[in-house]
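K.L.:
Take a look at the following structure, please.
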Amino acid sequence: MTAIEQDKSQENSALHFSALEPPRRYLFGPGPTMVHPRVYEALSKPIVGHLDPYFIQVMGDVQQLLKTGFGTSGATLVISGTGSAGMEAAVANFVEPGTKFAVFANGYFSDRLTEMAKRHDANVVRFEKPWGETFTEDEAREFIRREKPKVVAYVHAETSTGALQSGQAICAAAHDAGALAIADCVTSLGGVPVEFDQTGIDVAYSCTQKGLSCPPGLSPMAISARAMDWLRARTFPVRSWYFDLKLIYDYSTVSHRYHHTAPISMFYALREALLVIAEEGIEKRWERHRRCHKVFVKGIEAMGLHMHVPEAHRIATLNTVGVPKGVDEAKVRKRLLDEAGIEIAGGFGPLAGKVFRIGVMGPLATEDNVQFFLKEFKRTLSAEGYSI
Ligand SMILES: *Cc1c(COP(=O)(O)O)cnc(C)c1O
7 MTAIEQDKSQ ENSALHFSAL EPPRRYLFGP GPTMVHPRVY EALSKPIVGH
57 LDPYFIQVMG DVQQLLKTGF GTSGATLVIS GTGSAGMEAA VANFVEPGTK
107 FAVFANGYFS DRLTEMAKRH DANVVRFEKP WGETFTEDEA REFIRREKPK
157 VVAYVHAETS TGALQSGQAI CAAAHDAGAL AIADCVTSLG GVPVEFDQTG
207 IDVAYSCTQK GLSCPPGLSP MAISARAMDW LRARTFPVRS WYFDLKLIYD
257 YSTVSHRYHH TAPISMFYAL REALLVIAEE GIEKRWERHR RCHKVFVKGI
307 EAMGLHMHVP EAHRIATLNT VGVPKGVDEA KVRKRLLDEA GIEIAGGFGP
357 LAGKVFRIGV MGPLATEDNV QFFLKEFKRT LSAEGYSI
């Protein structure tokens, strides 16, 4: 083969890759979750420019539609990036060097918040609890009164443990102390009520690929009027230019001046996903999730398995189920994927090997689907040596 021939054959190497044909999966994990066919269709629509009046309208629609899920009449925004981008934006914009930042730490994502706050030079104080537990109202108030932080952060739905943390007392105590309350609503938005205004949250961030049944790629946020005032009063520039909320707010709602090239197709997808939710009705969707959660728990307990989180503090859309003794959870997950095309997740950190994390949300949250899952899960556990 001559050098020229060799170049030619390398040029054509793309021909040797097979066409993209992802396997069909039932995404019963914590995310990404199943995507509605209408959302896939939206992704295939022709793009327009990021400053095109049509796109500005799409962004406006998304901001408006997001208010229902968040439960706010105030400002919403969308960050280009996954849930962690929203987390980074929340931390970067409300922390200045030395800001006292209090974290309610009971899982993996509160640790990530801690790490980000430290990198932004916050003075971080933590209230730690074992993974799967939550904080009572008295504990929350006492901690904030004692520490007098400027910013308080908690995880509403802690995906690593399955525990739901009420923000009512945390936000009230934060306001009494003159602090701002940040809530991680990455797993809760679209799946369970967030009640941003009623709870008194100042900054909430989420993602598209969990409760909203959309592919990953965007991070919706809600921002209170108080938090907006804080942003305007900032003297020290936000260290992250890309996540500067003042600049992003200006691009998306005020001047529509270029800040970055928004991922057009993902905004189409999010708009469609939010429309699918609006057509069902958010209250009905929450109720559907609650109903399926009950069916799920009943089936799990009938197999002799136990839920990791006490009943009063469970996330309806994300279940943590204890791994029975003598069963290798990684083998169960592999067999479920190989034999039934079902994806679930395992635990990590202190819960590694101890829990399965099973999401029942969006299009998968029907009684038939839950029964299908339970049947396959039971069969797989038996194959891996568990006797019921
Ligand atoms: C998934 C998740 C994140 C991170 O979101 P990514 O989209 O993976 O970046 C943050 N917080 C919680 C509670 C999550 O479940």
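Numbering (the working numbering), first residue to last: 7 to 394.
Each residue gets a CB set at the ideal place from its N, CA and C atoms; glycine is no exception.
(1) What does the alpha-carbon distance come out to for the pair L71 and R277?
(2) Examine the Cβ distances between the segment 99-113 and the segment 123-140 and report whether three or more of them are shorter than 8 Å.
(3) Between S388 and ligand 1, is the CB less than 6 Å from at least one heavy atom?
(4) Between which two residues does the beta strand (DSSP E) containing S86 stretch?
(5) Would you say V315 faces chain B, with C-beta separation under 7 Å as the test?
(6) Cα separation between K340 and Y60?
(7) Skipping 5 residues on each side, what residues in its chain have a beta carbon closer than 8 Å to that of G305?
(8) Count the CB pairs spanning the segment 102-121 and the segment 258-270 that are closer than 8 Å, and state whether there are at least three.
(9) Cutting at 6 Å between CB atoms, please list the residues of its own chain near A169, excluding the five before and the five after it.
(10) Does the segment 232-245 touch the segment 287-300, meaning 3 or more C-beta pairs lie closer than 8 Å?
(11) Shorter than 6 Å, the distance from the beta carbon of S90 to the closest heavy atom of ligand 1, or not?
(12) Between L387, L370, G347 and F362, which has its C-alpha nearest P29's C-alpha?
(13) Are I150 and A187 close, meaning C-beta to C-beta below 7 Å?
(14) Beta strand (DSSP E) containing G365: first to last residue?
(15) Which first and last residues belong to the beta strand (DSSP E) in which G75 is found?
(16) With respect to 6 Å, is the separation between the Cβ of T241 and the closest non-hydrogen atom of ligand 1 below this value?
(17) Using DSSP's beta-bridge definition, name the partner residues of F4.
(18) DSSP has A169 in a bridge; who is on the other side?
(19) Take V97 and list the residues in its own chain whose beta-carbon comes closer than 6 Å to its own, dropping the five residues that flank it on each side.
(20) Across which residues does DSSP place M313 in a beta bridge pair?
(21) State the DSSP-derived secondary structure class of I150, mapped to helix, strand or coil.
(22) Within 10 angstroms of the Cβ of G173, are there 16 or more other Cβ atoms? Answer buried if so, exposed if not.
(23) Does the distance between the C-beta of V161 and the nearest non-hydrogen atom of ligand 1 fall short of 6 Å?
(24) Please list the segments of the alpha helix (DSSP H) lying wholly inside the segment 35-61, counting only runs of 4 or more residues, in order along the chain.
(25) Kindly provide the ranges of any alpha helix (DSSP H) runs that are 4 or more residues long and lie completely inside the segment 174-235, ordered along the chain.
(26) DSSP puts A351 in a beta bridge; with which residues?
(27) Could you tell me whether the Cβ atoms of G368 and T39 are closer together than 7 Å?
(28) Based on Cα-Cα distance, which residue from A189, S246 and H262 lies nearest to P226?
(29) Cβ atoms of I283 and R296: under 7 Å apart, would you say?
(30) Within this structure, are the beta carbons of L57 and S271 separated by less than 7 Å?
P.N.:
Taking the structure as given:
(1) Using only the alpha carbons, I get a separation of about 8 Å.
(2) The segment 99-113 vs the segment 123-140: in contact.
(3) Set against 6 Å, the gap from the CB of S388 to the closest heavy atom of ligand 1 is not smaller.
(4) Its beta strand (DSSP E) spans residues A81 to S86.
(5) Protein chain content of the structure displayed is limited to a single chain, and chain B is not contained in it.
(6) Cα atoms of K340 and Y60: separation of roughly 45 Å, rounded to the nearest angstrom.
(7) Around G305: V376, Q377 and L380.
(8) At 8 Å Cβ cutoff, the stretches do not touch.
(9) For A169, where only same-chain residues beyond five positions count, the Cβ hits under 6 Å are G138, T140, V315 and H319.
(10) Contact between the segment 287-300 and the segment 232-245 is absent, because fewer than three Cβ pairs lie under 8 Å.
(11) S90: yes, Cβ under 6 Å from ligand 1.
(12) Ranking L387, L370, G347 and F362 by Cα distance to P29 puts G347 first.
(13) Against a cut-off of 7 Å, the Cβ pair of A187 and I150 comes out as no contact.
(14) Looking at the DSSP string, the run of the beta strand (DSSP E) that includes G365 is V361 to G365.
(15) Looking at the DSSP string, G75 is not in any beta strand (DSSP E); the run it does join, the alpha helix (DSSP H), is P59 to F76.
(16) For ligand 1, not one heavy atom lies less than 6 Å from the Cβ of T241.
(17) Residue 4 cannot be examined here, being either before or after the span of the chain that is shown, 7 to 394.
(18) E164 and R320.
(19) Excluding positions up to five away in sequence, the list reads M122, A123 and H126.
(20) Here M313 is bridged, per DSSP, to V327.
(21) Helix.
(22) By the neighbour-count rule (16 or more Cβ atoms within 10 Å), G173 is buried.
(23) The answer is yes for V161.
(24) Taking only runs of at least 4 residues, the alpha helix (DSSP H) segments lying wholly in the segment 35-61 are 43-49.
(25) When DSSP assignments are scanned along the segment 174-235, the uninterrupted stretches of alpha helix (DSSP H) that are 4 or more residues long and fall wholly within it turn out to be 174-182 and 202-205.
(26) The beta-bridge partner set that DSSP reports for A351 consists of R363.
(27) Against a cut-off of 7 Å, the Cβ pair of T39 and G368 comes out as a contact.
(28) Taking only the C-alpha atoms, the option nearest P226 is A189.
(29) Contact flag unset, no.
(30) Going by C-beta atoms, L57 is not nearer than 7 Å to S271.
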